[in-house]
Structures are given as structure tokens and as C-alpha cells.
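Everything below concerns the one structure shown next.
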Amino acid sequence: MAEKKKKRKKKECEGVNPPFTEEELIERLKKHFPEPKTELNFRNVFELVIVVVLSAQTTDKKVNEVSPKLFEKYPTPEALANAPLDDLYEILKPINFFRKKAERIKEIARIIVEKYNGKIPDTIEELVQFPGIGRKTASVILVNGFRKPAIVVDTHVKRVSKRLGLTCHDDPEKIEQDLAKFFSKENWAYISNALVLFGRYICTAKKPKCKECYLVDICPYDKKNL
Numbered sequence: 014m015a016e017k018k019k020k021r022k023k024k025e026c027e028g029v030n031p032p033f034t035e036e037e038l039i040e041r042l043k044k045h046f047p048e049p050k051t052e053l054n055f056r057n058v059f060e061l062v063i064v065v066v067l068s069a070q071t072t073d074k075k076v077n078e079v080s081p082k083l084f085e086k087y088p089t090p091e092a093l094a095n096a097p098l099d100d101l102y103e104i105l106k107p108i109n110f111f112r113k114k115a116e117r118i119k120e121i122a123r124i125i126v127e128k129y130n131g132k133i134p135d136t137i138e139e140l141v142q143f144p145g146i147g148r149k150t151a152s153v154i155l156v157n158g159f160r161k162p163a164i165v166v167d168t169h170v171k172r173v174s175k176r177l178g179l180t181c182h183d184d185p186e187k188i189e190q191d192l193a194k195f196f197s198k199e200n201w202a203y204i205s206n207a208l209v210l211f212g213r214y215i216c217t218a219k220k221p222k223c224k225e226c227y228l229v230d231i232c233p234y235d236k237k238n239l
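Each position in the sequence shown, counted from 1, maps to that position plus 13 in my numbering.
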């Protein structure tokens with residue numbers, strides 16, 4: 014019986030057919046977010062790498078509160094690589110898992126200095142080798158730091174993609190593949206930031222704001238109980 018259910022689920026997930034075109038969806042999203050970007054504050058790619066790692070399981074707002082002090086004292090990879098851990102602990106104390114994150118960003122800085130001569134690599138394959146950086150995090154860096162096409166799949170994008178009928182998967186990499194098929198490569202960067210913000214402020218988890226949404230008439234999500 015369980016095998017039949019698995020097969021049925023697999024069959025249901027073989028391809029999706031959203032009730033709108035790529036152009037229609039992006040046109041509606043741009044009414045909400047004409048020029049979306051990450052809400053993490055940064056001045057260069059090095060700072061972006063660090064704040065993205067710090068933002069795991071912590072709000073962007075909280076990271077933005079501690080990062081100015083961090084970068085004031087340690088503005089370069091070299092400076093951060095040589096920073097005393099106790100000092101990093103003290104600076105990062107307001108954010109979740111500050112000890113582990115302090116150790117990670119110090120190690121990241123060391124790798125940047127020793128392996129990459131102080132420069133940040135710009136490929137997803139290299140970025141995911143850093144501690145604390147996975148595929149989602151690397152994509153955020155590529156999109157916002159290097160303006161390179163990549164698709165970010167975080168909890169917001171996962172939720173929104175399923176509600177819009179862009180995917181029927183739960184696995185982030187499979188969702189990424191579905192989005193990559195639906196959207197043209199030149200739109201990946203826009204979509205990555207737009208869907209994150211759309212999920213954060215409009216298509217929220219518990220009470221999506223369908224009455225305020227410009228996608229409501231083309232969205233297949235069941236809204237009868239809202």
C-alpha cells in the first residue's frame with residue numbers, strides 16, 4: 014500500500030503546468046517589487062558573504078544591527094581571519110548560535126585569504142565549500158554580490174512556488190530545477206529576490222494577504238478558507 018502511495022505521489026509530481034506564463038507572473042510581481050534585493054546590509058561581496066552566514070536562523074534585522082560593529086573592527090578578510098574569537102563572540106552575542114557563527118566566519122576569512130588571495134570566488138561550486146554556506150546561501154551571494162544568474166530556494170520560495178503551482182516538490186534542489194525550467198535564465202536573479210520578499214510580506218505562511226496580492230486572480234492556491 015505504501016509503495017502505491019509513493020508511486021502515485023511521484024506520478025503527480027512529474028511536471029507542473031501553472032495557469033500563467035512567465036511574463037504574466039513577473040509583470041504581477043513587479044507591481045509589488047519592481048527592484049527587489051536582499052534586506053541584508055552590505056558594502057561589498059566580502060561583507061555579503063559574512064552577513065549571509067550570520068543570517069542563518071536569525072532575522073536580517075538582527076544581523077543588520079550587529080554587522081556594522083563587526084565590519085568597523087574587522088573590515089577585510091585578513092582582519093577577520095586574525096580576530097580573537099572572544100571578541101567575535103562578544104560582538105555577535107545578540108544573534109542565534111553566535112559562537113558557531115563566529116568560528117565559521119573566522120574560518121571563511123582564513124580560507125579567502127589563504128586559498129583565494131583575499132578575493133571571493135564567484136562560482137556556486139567553490140562557495141559551497143566554505144563552512145556554513147550551502148547551495149541556497151551561495152545563490153544569494155551570486156545573485157546579490159556578483160549579479161550572476163542563480164535561483165535561491167529558501168522557506169519563502171519553497172512555500173510560494175508550491176502555492177503558485179510552479180513545483181510540487183519539497184526538496185529544495187528539485188524546486189530549483191523546476192523554477193529553472195519555468196523561468197528564463199535572465200530572470201533568475203529577479204525571481205530569487207522577488208519570491209523571497211513576496212513570501213515574506215505578501216504570501217505569508219499562516220495568513221497570506223490575498224486581498225492585497227496582484228497575483229490573486231492567476232494564483233491556483235485554494236483560497237476558500239482565507
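In this text, a Cβ means the ideal position worked out from N, Cα and C, and glycines have one as well. Just so we're clear, the structure is a prediction, and the values are computed from it rather than from any experiment.
Do Y102 and F111 come within 8 Å of each other at the CB atom, strictly closer than that value? By the CB criterion at 8 Å, F111 and Y102 fall inside the cutoff.
Step through the CB atoms of chain C and report whether any lies within less than 8 Å of the CB of V79. The structure shown has no chain C; it contains just one protein chain.
According to DSSP, is F195 part of a helix, a strand, or is it coil? DSSP places F195 in helix when its eight states are reduced to three.
Alpha helix (DSSP H) containing V229: first to last residue? Note, V229: premise wrong, no alpha helix (DSSP H); not H, not E.
If you run the structure through DSSP and keep just helix, strand and coil, what is A96? A96 falls in the coil class under three-state DSSP.
Secondary structure at T150, three-state DSSP: helix, strand or coil? helix
Helix or strand or just coil, what does DSSP make of R56? coil
Inspect the CB distances between the segment 42-58 and the segment 155-166 and report whether three or more fall short of 8 Å. The segment 42-58, when compared against the segment 155-166, does touch it at the 8 Å Cβ threshold.
Pick from L192, Y214, S205 and A69 that is closest to T34, judged by C-alpha positions: Of the listed residues, the one whose Cα sits closest to T34 is L192.
According to DSSP, simplified to helix, strand and coil, what is Q190? helix
Compare the Cα-Cα distances from P90 to each of T72, K114, L98 and I133 and report the closest residue. I133
Kindly give me the distance between the Cβ atoms of I212 and V173, rounded to whole angstroms, as I take these residues to be in contact under 8 Å. As written in the sequence, residue 212 is Gly, which differs from the Ile given in the question. That pair is a contact at about 4 Å.
Continuous alpha helix (DSSP H) assignments of at least 4 residues falling wholly in the segment 119-171: 137-140 and 148-158
Indicate whether N206 and T71 have their beta-carbon atoms separated by less than 8 Å. no
Can you check whether the CB of N77 is closer than 8 Å to the CB of L53? In contact: L53 and N77 (Cβ atoms closer than 8 Å).
Which residues bound the alpha helix (DSSP H) around F211? W201 to Y214
Starting from H182, trace the alpha helix (DSSP H) in both directions and tell me its first and last residue. Where H182 is concerned, there is no enclosing alpha helix (DSSP H), given that its DSSP letter is neither H nor E.
Contact defined as beta carbons within less than 8 Å: I believe P144 pairs with E127. What is the distance between those atoms, to the nearest angstrom? About 14 Å; that fails the 8 Å criterion.
Just curious, the alpha helix (DSSP H) that E37 is in, first and last residue? E35 to H45
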